[in-house]
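Counting along the sequence shown from 1, when you hit position 107 you're at 109 in this note's numbering, and nothing is skipped either side.
By construction, the Cβ of each residue, glycine as well, lies at the ideal position given by its N, Cα and C atoms.
Here the structure is laid out as structure tokens; the discussion comes afterwards.
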Amino acid sequence: MNNVDLFKRWFLSILTVTLVLNWCPSQSRADSGAITPSDIEHSDPYEITASIMEIDYGKNMLIIAENEVYLVDLVIGGEFIKSVLSDAHGHAILFDSLDRGQTVTVSGMILSDGRVIAEELVLQSRRPKQ
């Protein structure tokens, strides 16, 4: 095989891989995590008082009673949705002040895929359970 044939095979391989990756996306829009106006329209009210099981600071997400609870600040279909965080006395708190084991009350909406969007989170106890 000469250099021209090797180059052609290499070029066709790269072209094939590029076309496959572009025409067959690995993740559909429905699975991308994006929240749509339809998600909000088909959501149900949600409220729970429970302990924080896990915290993902990068995703602004808590695991509470085995539900993914997202803290958001966004506009969806012209509707402004912002999670408000406070302590039991109504004083504003920061997301990074939350810790595993603390008891919180979350009010918001649960989407059809099970994700919870917190509209209000109230820290009931500052001390994590032992």
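DSSP has residue i in a bridge; who is on the other side?
i	result
P39	P39 pairs with nothing; no bridge assigned.
V118	V71, I112
L125	D89, V106
Y48	G110
D58	M63
I78	E81
S99	Note: S99 sits in no beta bridge, so no partner.
What's the call for residue i, buried or exposed, on a 16-neighbour Cβ count within 10 Å?
i	result
G110	buried
S99	exposed
A67	exposed
G116	exposed
S30	Per-residue confidence for S30 stands at a pLDDT of 36, beneath the threshold of 50, marking its modelled position as unreliable; the derived number appears in the next sentence. The residue is exposed, with fewer than 16 neighbouring Cβ atoms inside 10 Å.
N4	exposed
L8	exposed
D33	Model confidence at D33 stands at a pLDDT of 44, short of 50, so the residue's coordinates are unreliable; what they give is reported in the following sentence. With fewer than 16 Cβ atoms within 10 Å of its Cβ, D33 is classed as exposed.
Is the beta carbon of residue j closer than 8 Å to that of residue i?
i	j	result
I118	V108	The residue asked about is misnamed: residue 118 is Val in this sequence, not Ile. Their beta carbons are under 8 Å apart, which means V118 touches V108 by this criterion.
I112	Y48	yes
S88	V74	no
E122	I83	no
I2	I37	Residue 2 lies beyond the range of the chain shown here (3 to 132); nothing can be said about it.
Return the Cβ separation of residue i and residue j in integer angstroms, given the expectation that the two are a contact with Cβ distance under 8 Å.
i	j	result
Q104	T51	That belief does not hold up - the Cβ atoms of Q104 and T51 are roughly 11 Å apart, past 8 Å.
E70	I42	16 Å between Cβ atoms; not a contact.
(message) Taking contact to mean 3 or more Cβ pairs, one atom from each stretch, closer than 8 Å, check whether the segment 86 to 95 and the segment 56 to 70 are in contact.
(response) At 8 Å Cβ cutoff, the stretches do not touch.
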